[in-house]
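Protein chains: 2
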Amino acid sequence: MNTEKLEQFREKIRAELDRVVDFWLKHSHDNQYGGFFTCIGKDGTVYDDLKYVWLQGRQVWMYCHLYRTVKRFHRKEILDAAISGGKFLRQFAWVPSAGSSGKCAFCLSRDGKAVKVQRTIFSECFYIMAMDELARVTGDQEMQAEAERVMDLLVHWVRVDPSGLGRLQLPGDTPVNNMAVPMMLLCLVQQLTEGRAELAGKYRELGQWCVQQVLQHVQRDGTAILENVSKEGKELPGCQGRLQNPGHALEAGWFLFQYAVRVGDQELQRTAMDKFMEVPFHKGWDQQHGGLFYFLDVDGHCPTQLEWSMKLWWPHCEALIAFLMAYRHTREPRLLERFTQVYDYTFSHFPDADHGEWFGYLTQQGSVALDFKGGPFKGFFHVPRCLYMCERLLDSLLGDSCDS
Amino acid sequence: MNTEKLEQFREKIRAELDRVVDFWLKHSHDNQYGGFFTCIGKDGTVYDDLKYVWLQGRQVWMYCHLYRTVKRFHRKEILDAAISGGKFLRQFAWVPSAGSSGKCAFCLSRDGKAVKVQRTIFSECFYIMAMDELARVTGDQEMQAEAERVMDLLVHWVRVDPSGLGRLQLPGDTPVNNMAVPMMLLCLVQQLTEGRAELAGKYRELGQWCVQQVLQHVQRDGTAILENVSKEGKELPGCQGRLQNPGHALEAGWFLFQYAVRVGDQELQRTAMDKFMEVPFHKGWDQQHGGLFYFLDVDGHCPTQLEWSMKLWWPHCEALIAFLMAYRHTREPRLLERFTQVYDYTFSHFPDADHGEWFGYLTQQGSVALDFKGGPFKGFFHVPRCLYMCERLLDSLLGDSCDS
């Protein structure tokens, strides 16, 4: 019976992944200027031609990863689109005048002019992921070198001197350990070192540091994951210090779990499951309407983010990966129950039966609040990564080929 | 019967203003460091001690304005609080290292350390309002000079050279006429020139320029007010160009109307009513659930702002002022009907019967989504300004003293 259930999950997830890939292949390619449209309406209409760099990088990465690891996606149109996106990024994303040593833009015009630069590291992170994964499928050494160049700059900003980000140093702006930063770096370490012994050596200590930095977010005797802590790992005052983002904690959970499996650290696997999966799931699940809240205050104050109670697609994607990955390794029935609970909510609320792809933003009650398929922060990434990873995990659980 | 209705409005509004003033007098004063707490929960609890400069400046202005113009608020505790807030601002808000010639902080720590600086003009705007109004009640010439100094800097940034704001010049970041900018400057011109013939002369041309810049936002043959247009007054592509903010247009409406009354421009009064009140009211009112939408796309695409369909307190405040002011001057019954419609929605949804003050953020359906009374963008400003102005307008309509 368990096998039957897993088979059903896999069948649905596999079909959904095909549908999602088709949606983006059909609607998002800019055949004139290269790169991808990312502001795409319910029915596939492009409603804005701005090109958000996070989403360009993520789409290149995702296309390459599907092309490289899944037989049915090893198709020329997917590789060509990834190469076009990578070329667009390589040509236009880097803004030499930003920060003290250049930075990636956050947003470009359709023809590649920089519109906005953020003073954070995230555009660079997705640029690195794109360059590295593209180098893996094309064998382009220069792209891999570019990925490493930006990675080393980024590590310098995070660990040595943040002044290159271009932020004004202000006396009240005390340095914070924001969980997104070590999480992203850990993800990049895994990206860059996969199958490369030399780089694994180079980035080993960085990986350990990232894990330690992520673990600092376990607070209040292990009963909460807080998004922002001090550089010393202590709780911070105010809204910033009390902020919880359950979906983000769950994403950190599977990043840590995956790392722990690779290095063979049983204790870290346990911590990932108990602290970064169970805790945010219990805190973050809306008992009344179902689904995961976006933000919560650990002391029960109302968060100041207007969208705090909305149900977003990506926390649910991360929860699905986390619980299925943990179940795949431990076979603890409780974890499959959690996966099933999130799966039932997700598949009954987010996918659009009419036009394909998923809605991204629901009200607390679960109705569609914003009906576009792509926007400034939603592109070809969380949905296909989730479906891809869940399909692979189910393949593994069912003992089938991972390369169908 | 009309008089009876107006009397009822006035009674309710007057009582509500007293209640709102009491709430902030009781909960927002920082007697240790000076200035005001602005993150205040449903029951008055301070949930964060950060001090947002917009809200510090607005509270100083509002206290002074009530003290100066309303007999029952001509109280020492109100003046003392305004002076304390002004002193805090004067001492801590200015960050000499920001931009190319100094800037106001956006946010300060409780003890006045700069936490964040924005690369826009708005912190400076509310700083000027505070300094000028405080100078009017205290007679402090140095404060008035400070208001003028920052005003002239701000006009330079807007009309001559924006580089002092500290923004990176990017090739894709084409200059935009964002309606907030000429609106705020028009508001400041009215603030600085009231009763001062010499300054009225100095800023006359600026006032005319602001009006012309605001009027550029009337687009699509007069059927829409768009938040962002090109510097030449043309519609811009993409989401930015299609954005409508009905509450903001209504606020611009009463700014223009007030200006038009002062300069005796009948045609501008008509434009303010027909284009900046009727148009956004018709476009912005939610026919299904009542209340004004926060953002809309003029072509009916889904806005990318997650809060687009929420009902916020301040657009309703601005609508009440706009329609009552226009009714006061024209006595057109239609305008009183509009006022009544907004009034009914507002008073049945926003005020908190238990603890006083208003909730700020409702779902599209009208239930409370965020229950705090003060937050990073909600302080002692829109609610009391609306109640104060409506009380005065009703006094005038009812032929009573304006100074009770």
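Heads up: the sequence lines are chains S and X, in that order. Quick note: to get this note's numbering, add 593 to the position in the first sequence (first position is 1). Quick note: to get this note's numbering, add 593 to the position in the second sequence (first position is 1). Beta carbons: idealized from backbone N, C-alpha and C, even for Gly. As the structure is a computational prediction, the values presented were derived from the model and not from experiment.
- Assigned with DSSP and collapsed to three states, S/Leu963 falls in strand.
- Less than 8 Å separates the beta-carbon of X/Val730 from that of X/Leu672.
- Cβ proximity to chain S below 8 Å picks out Ala962, Leu963, Asp964, Phe965, Gly968, Pro969 from the stretch 960-988 of chain X.
- Rounded to the nearest angstrom, the Cβ distance from S/Val614 to S/Pro944 is 14 Å, too far for a contact under 8 Å.
- For the stretch 810-839 of chain S, residues whose beta-carbon sits nearer than 9 Å to a beta-carbon of chain X comprise Pro830, Gly831, Cys832, Gln833, Arg835.
- S/Leu849 is a Cβ neighbour of S/Leu861, given a cutoff of 8 Å.
- Boundaries of the beta strand (DSSP E) around X/Asp641: 639-641.
- For chain S, the residues of the stretch 944-956 of chain X that bring a beta carbon within less than 8 Å of one of its beta carbons are Tyr954, Thr956, in chain order.
- Counting C-beta atoms within 10 angstroms of its own C-beta, X/Ala738 has fewer than 16 neighbours from the protein chains shown and is therefore classed as exposed.
- As for any beta strand (DSSP E) of minimum length 3 sitting wholly inside the stretch 879-964 of chain X, the runs are 961-963, ordered along the chain.
- Residues of chain S whose Cβ lies closer than 8 Å to the Cβ of X/Val710 are, in chain order, Leu761, Leu763.
- In the three-state reduction of the DSSP assignment, X/Gly765 falls in the coil class.
- Distance from the Cα of S/Val891 is smallest, within the candidate group S/Val804, S/Gly831, S/Asp733, for S/Gly831.
- By the Cβ test, the stretch 832-839 of chain X is not in contact with the stretch 783-796 of chain X, since fewer than three Cβ pairs between them sit closer than 8 Å.
- Within chain S, no residue has its CB atom less than 7 Å from the CB of X/Ser694, the nearest being about 14 Å off.
- Residue contact check for X/Met903 against chain S: a CB pair falls below 8 Å.
- X/Ser756 has a beta carbon lying at 8 Å or more from every beta carbon in chain S.
- Per the coordinates, the alpha-carbon of S/Tyr640 lies some 13 Å from the alpha-carbon of X/Leu829.
- A residue is called buried once 16 or more other Cβ atoms fall within 10 Å of its Cβ, and X/Leu929 is buried on that count.
- Against S/Lys876, chain X offers no close residue; the least beta-carbon distance is about 18 Å (beta-carbon pairs closer than 8 Å).
- Following the DSSP letters along the chain, one finds X/Ser823 in no alpha helix (DSSP H) but inside the beta strand (DSSP E) bounded by residues 821-823.
- Cβ atoms of S/Met744 and S/Gly650 stay farther apart than 8 Å, at about 13 Å.
- Taking the Cβ atoms as the reference, X/Phe886 lies roughly 5 Å from X/Gly877, within the contact range of under 8 Å.
- With a cutoff of 8 Å on beta-carbon distance, S/Cys700 and S/Tyr645 are scored as near each other.
- Take the alpha-carbon of S/Phe973 and the one of X/Arg668: they are about 60 Å apart.
- Within chain S, the residues placing a beta-carbon under 7 Å from that of X/Leu701 are Gly765, ordered along the chain.
- Assigned with DSSP and collapsed to three states, S/His810 falls in coil, not helix or strand.
- Taking a C-beta distance under 8 Å as the contact criterion, S/Leu727 and S/Gly679 qualify as a contact pair.
- Considering only beta carbons, no part of the stretch 917-938 of chain S lies closer than 9 Å to chain X.
- When Cβ-Cβ separations below 8 Å define contact, S/Tyr640 makes contact with chain X.
- Between S/Gly959 and X/Met903, the alpha-carbon positions lie close to 15 Å from each other.
- A direct Cα-Cα distance of roughly 25 Å separates S/Tyr981 from S/Leu963.
- Put simply, the stretch 805-822 of chain X touches the stretch 768-776 of chain X. At least three CB pairs are less than 8 Å apart.
- Assignment of X/Val708 by DSSP, reduced to helix, strand and coil, places it in the strand class.
- In this model, S/Leu799 and S/Met776 are separated by some 12 Å (Cα to Cα).
- Contact with chain X is absent for S/Glu717, since none of that chain's Cβ atoms lies less than 8 Å from the residue's Cβ.
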